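Per my numbering, the very first residue in the sequence shown carries number 110; after that it's consecutive.
The structure appears right after this line, and notes come after that.
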Amino acid sequence: MAALPRPESLRVLCIDGGGVKGYTSLLILKRVFRTMMAEAGLTEMPKPCDVFDLIIGTSTGGLIAVMLGRLRMTIDECLAKYEQVGKVVFGKKPRGGKFGKVMKGLTSSAFYDVGLLQQEMKVLLKAKEIGEETPFKEPNVASCKVLVWSMD
110 MAALPRPESL RVLCIDGGGV KGYTSLLILK RVFRTMMAEA GLTEMPKPCD VFDLIIGTST
170 GGLIAVMLGR LRMTIDECLA KYEQVGKVVF GKKPRGGKFG KVMKGLTSSA FYDVGLLQQE
230 MKVLLKAKEI GEETPFKEPN VASCKVLVWS MD
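Structural data, given as structure tokens:
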């Protein structure tokens, strides 16, 4: 695979929260990468961690940031894992239906169970043989960094 030229500026990917809408963010990212592949004449799609210097996410975007950056997943691996995680974390309807969702929005509360999201994050780390308490800073790695922002 041909290497992408290193830019003179910082390349940052920021993925917002929004529950199952994170899946859409991944589909858009995949399309951007397909276009980049074609224009750069690459034979295979690079991993986002090899393209971006920093991947940032909030809530479900944080989960995606961890999968793409720290766990070094491809976009397709991330899509597959996100489908599994999404069923667990976002599969239940919020308590109180639409009214409950509106009230949570007005009070800036999380729509979904943050504990489930954290639990699924721990499962992902364990599957990659990374301890829950392991710092996200990787020694001797000059590539992608990850920042997860939580409103809680």
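In this text, a Cβ means the ideal position worked out from N, Cα and C, and glycines have one as well.
If you're wondering where the values come from, they're calculated on a predicted model, not measured in any experiment.
My guess is that residue i and residue j are in contact by the Cβ rule of under 8 Å, so how many angstroms apart are they, rounded?
{"i": "glycine 178", "j": "glycine 126", "result": "Rounded, the Cβ-Cβ distance is 16 Å, inconsistent with contact."}
{"i": "isoleucine 124", "j": "isoleucine 173", "result": "5 Å"}
{"i": "leucine 233", "j": "leucine 180", "result": "7 Å"}
{"i": "methionine 154", "j": "arginine 140", "result": "Not a contact, Cβ separation roughly 11 Å."}
Who are the near neighbours of residue i in its chain, counting only those whose CB is closer than 6 Å to its CB and skipping five residues on each side?
{"i": "valine 129", "result": "Gly195 and Phe199"}
{"i": "methionine 226", "result": "It should be pointed out that residue 226 corresponds to leucine in this sequence rather than to methionine. Around leucine 226: Val198."}
{"i": "lysine 237", "result": "Leu180"}
{"i": "proline 157", "result": "Leu177"}
{"i": "proline 244", "result": "none"}
{"i": "serine 168", "result": "Gly126"}
{"i": "lysine 254", "result": "Leu163"}
{"i": "leucine 122", "result": "Phe161 and Ile164"}
{"i": "methionine 182", "result": "Met176"}
Could you pull the start and end residues of the alpha helix (DSSP H) that residue i belongs to?
{"i": "glycine 171", "result": "169-174"}
{"i": "leucine 226", "result": "223-236"}
{"i": "lysine 190", "result": "184-199"}
{"i": "phenylalanine 142", "result": "130-149"}
{"i": "cysteine 253", "result": "Neither: cysteine 253 is in no alpha helix (DSSP H) and is coded neither H nor E."}
{"i": "proline 157", "result": "157-160"}
For residue i, I'd like the list of residues in its chain whose CB is within less than 8 Å of its CB, leaving aside the five on either flank, ordered along the chain.
{"i": "arginine 120", "result": "Val160, Phe161, Asp162 and Leu163"}
{"i": "tyrosine 321", "result": "With the chain covering only 110 through 261, there is no way to say anything about residue 321."}
Quick check on the DSSP output: the beta strand (DSSP E) that includes residue i runs from which residue to which?
{"i": "isoleucine 124", "result": "121-124"}
Which same chain residues, not among the five before or five after residue i, have their C-beta less than 7 Å away from its C-beta?
{"i": "methionine 230", "result": "Leu172 and Val175"}
{"i": "cysteine 187", "result": "Leu135, Ile173, Met176 and Leu177"}
{"i": "glutamine 228", "result": "none"}
{"i": "isoleucine 239", "result": "none"}
{"i": "glutamate 241", "result": "Lys231 and Leu234"}
{"i": "methionine 146", "result": "Met154"}
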